[in-house]
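In the numbering used here, the protein residues as written are 66 to 534.
All residues carry an ideal CB built from backbone N, CA and C; glycine is no exception.
This report concerns only the one structure given below.
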Amino acid sequence: MLVAALGAVMSVATTLHVLLVPRLPRSASGWLAVIWLSPIVGPLLYVLLGINRIVRKGQTLRTEAAPAREHPSPASADDLAARLGDAPHVAALARAADRLTHRPLLTGNRIEPLIDGDQAFPAMLEAIDGARRSVTLMSFIFDGDDVGDRFVAALAAARQRGVEVRVLIDAAGVRYHRPRADGKLRAAGLRTALFLPIRKAFPRYWNLRNHRKVMVVDGEVGFTGGINVRRHHWLALDPTIPTRDLHFRLTGPIVTQLQHVFADDWQFTTGEALRGDPWYAPAVADGDVLARVVTEGPDDPSDPLPWTIVTALSVARRRVRVVTPYFLPDPGLVAGLEAASLRGVTVDIVIPERTNFRFFDAAVRGGIGQFLDHDVGIWCTPAPFDHTKLMTIDGTWTLLGSANWDPRSMRLNFELDVEAYSPELTARVDALVDARIAGARRLDRTELAGRTRLRRILDNAASVLQPYL
Numbered sequence: 066m067l068v069a070a071l072g073a074v075m076s077v078a079t080t081l082h083v084l085l086v087p088r089l090p091r092s093a094s095g096w097l098a099v100i101w102l103s104p105i106v107g108p109l110l111y112v113l114l115g116i117n118r119i120v121r122k123g124q125t126l127r128t129e130a131a132p133a134r135e136h137p138s139p140a141s142a143d144d145l146a147a148r149l150g151d152a153p154h155v156a157a158l159a160r161a162a163d164r165l166t167h168r169p170l171l172t173g174n175r176i177e178p179l180i181d182g183d184q185a186f187p188a189m190l191e192a193i194d195g196a197r198r199s200v201t202l203m204s205f206i207f208d209g210d211d212v213g214d215r216f217v218a219a220l221a222a223a224r225q226r227g228v229e230v231r232v233l234i235d236a237a238g239v240r241y242h243r244p245r246a247d248g249k250l251r252a253a254g255l256r257t258a259l260f261l262p263i264r265k266a267f268p269r270y271w272n273l274r275n276h277r278k279v280m281v282v283d284g285e286v287g288f289t290g291g292i293n294v295r296r297h298h299w300l301a302l303d304p305t306i307p308t309r310d311l312h313f314r315l316t317g318p319i320v321t322q323l324q325h326v327f328a329d330d331w332q333f334t335t336g337e338a339l340r341g342d343p344w345y346a347p348a349v350a351d352g353d354v355l356a357r358v359v360t361e362g363p364d365d366p367s368d369p370l371p372w373t374i375v376t377a378l379s380v381a382r383r384r385v386r387v388v389t390p391y392f393l394p395d396p397g398l399v400a401g402l403e404a405a406s407l408r409g410v411t412v413d414i415v416i417p418e419r420t421n422f423r424f425f426d427a428a429v430r431g432g433i434g435q436f437l438d439h440d441v442g443i444w445c446t447p448a449p450f451d452h453t454k455l456m457t458i459d460g461t462w463t464l465l466g467s468a469n470w471d472p473r474s475m476r477l478n479f480e481l482d483v484e485a486y487s488p489e490l491t492a493r494v495d496a497l498v499d500a501r502i503a504g505a506r507r508l509d510r511t512e513l514a515g516r517t518r519l520r521r522i523l524d525n526a527a528s529v530l531q532p533y534l
């Protein structure tokens, strides 16, 4: 009797918390089912796993940092109109992103694509070798392989020159390779921290990972995109698991926003605040790209990245292109893609023929048919695995960075993307997408219909589990 009463009290208390905290209806209903189907274990699981304690700490850090943050070179309406050319309607997206991100759109930037690790790694290592004051590096994965060793050596040499170095690696991502890179970095005397260490994070935060990839040198040059520090991405080295990807070199005022994100994550992890010299440099215009950082994470319940994407889909008039390794969009993104196609917008989605997760592939097949029903082009690229994350609209706007089109990136991971307004940059990115499509196979209804009954059952079963992938 006492146990039953205790279970009832716990269930009622946690139910009230579920109903008081804003969340997706399917998430709320899922937790309510767990709570009431198992009146003691369910509430305990909710207390451990269902309460987002990251939000409060993240909001506190942003509030503390805000007074010291200045954003140089904000773009005016005239600046934006001049860059949009024959796509003035895209200005509505910039206005929405102002409110979603609480960051200004910045003028005077240069953004250069770097194809695979073959271009990205030499450029990053060269930047480290030329560092005079500081290097900050954040990566989801930092392997202790031969490529990781090159970065360790370059960072150690920079430190010997008197350069301040900080390295932040996700605590789960660092475990992908033995020997681990964090041990090598610390042995070289480099300040290294792990984001949400597994032992300390479990069970409250173990599922929340930092998927961002950012490097900033002297507060002047930045790198971001989808490439982790590992041999897989350097195709000329003939890795056992070759992985295609795209990274970007950024200069101009946008680098300050990249450094702000690193500084927030570093302070969140270590308590050390990185302010002023040597971490930041006066903003100097170096191009004509208008750009802004768009972050996503469980510390920000306003979901700026998904809303930015939905807004982009709603303003597109001619063409939408998406490249992503993991394509399991939530209902809002599905509706946005299909609505764009119904308006007559050409929508193309480029995904790998196979990912590195077979169960994920099954889930994709289980839900992909709805896009074919709405004339959305699905292009499947052959091996090597393509880890690229890109989006463009109307030859004018590009979204680049670390986020995938899946529930984890949109809800659980800490992600960093950059939105850029530039016909020239978008033309270069679209050319890269064209090259992907030229070597890809277009998925059609006949192929899906040709699956065996067992295959369809397994694919649909995997698709049902989409929110948990």
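Per-residue burial, residue i [other beta carbons within 10 Å of its own, 16 or more giving buried]
| i | result |
| --- | --- |
| G195 | exposed |
| D144 | buried |
| F424 | exposed |
| H167 | exposed |
| A140 | buried |
| P366 | exposed |
| A348 | buried |
| D151 | exposed |
| L519 | exposed |
| R510 | exposed |
| D181 | buried |
| R386 | buried |
| P369 | buried |
| D499 | exposed |
C-alpha distance - residue i paired with residue j, whole-angstrom precision
| i | j | result |
| --- | --- | --- |
| D438 | A400 | 13 Å |
| T305 | H298 | 10 Å |
| T316 | L513 | 45 Å |
| L393 | D163 | 27 Å |
| E484 | V359 | 7 Å |
| Y391 | M475 | 12 Å |
| R226 | E285 | 18 Å |
| A405 | I414 | 13 Å |
| R419 | L378 | 26 Å |
| L288 | I416 | Reading off the sequence, residue 288 comes out as Phe, not Leu. One C-alpha to the other measures close to 24 Å. |
| L311 | P447 | 17 Å |
| P186 | R501 | Going by the sequence as given, residue 186 is Phe instead of Pro. Answer to the nearest angstrom: the Cα atoms are 21 Å apart. |
| G336 | D329 | 9 Å |
| A505 | P343 | 46 Å |
| F479 | N469 | 11 Å |
| R148 | L355 | 8 Å |
| A142 | W462 | 16 Å |
| A526 | F422 | 15 Å |
| I292 | K454 | 10 Å |
Contact set for residue i: own chain, Cβ-Cβ below 6 Å, skip 5 residues either direction
| i | result |
| --- | --- |
| A338 | Q332 |
| L464 | M456, D482, E484 |
| V51 | Not covered by the structure: residue 51. The range shown for the chain is 66 to 534. |
Beta-carbon proximity list for residue i, same chain, < 8 Å, skipping 5 on both sides
| i | result |
| --- | --- |
| P244 | G209 |
| A157 | T376, V380 |
| L190 | R215, F216, A219 |
| D524 | A427, A428, R430, G431, R516 |
| A610 | Here the chain comprises residues numbered 66 to 534, so residue 610 is not present and cannot be evaluated. |
| V239 | I206, F207, R245, A246, D247, L259 |
| G397 | P371, V375 |
Three-way DSSP call (helix, strand, coil) for residue i in this model
| i | result |
| --- | --- |
| N174 | strand |
| L530 | coil |
| N469 | coil |
| S141 | coil |
| N312 | One point to set straight first is that residue 312 is His, not Asn, in the sequence displayed. Three-state result, H312: strand. |
| D482 | strand |
| T373 | helix |
| R521 | helix |
| D413 | strand |
| V155 | helix |
| T491 | helix |
| A133 | Note on A133: pLDDT 48, under 50, position unreliable in the model; the coordinate value appears next. DSSP places A133 in helix when its eight states are reduced to three. |
| E361 | strand |
| D438 | coil |
| I206 | coil |
| T305 | coil |
Neighbourhood of residue i by C-beta distance below 7 Å, restricted to the same chain and skipping five residues each side
| i | result |
| --- | --- |
| H154 | V380, R382 |
| A223 | I193, A196, V200, V230 |
| A301 | D183 |
| V281 | T201, G287, V320, L323, Q324, F327 |
| P580 | Since the first residue of the chain shown is 66 and the last is 534, residue 580 is not available in this structure. |
Any non-hydrogen atom of the ligand FAD closer than 8 Å to residue i Cβ
| i | result |
| --- | --- |
| Y486 | The model on display carries no ligand, and the ligand FAD is accordingly not part of it. |
Within-9 Å CB hit, residue i to chain D
| i | result |
| --- | --- |
| D183 | In the displayed structure, chain D is absent; only one protein chain is listed. |
> Counting Cβ pairs, one atom from each stretch, are 3 or more of them under 8 Å apart for the region 250–262 and the region 232–239?
Replying inline: yes
> Three or more beta-carbon pairs under 8 Å between the region 479–493 and the region 437–451, yes or no?
Replying inline: no
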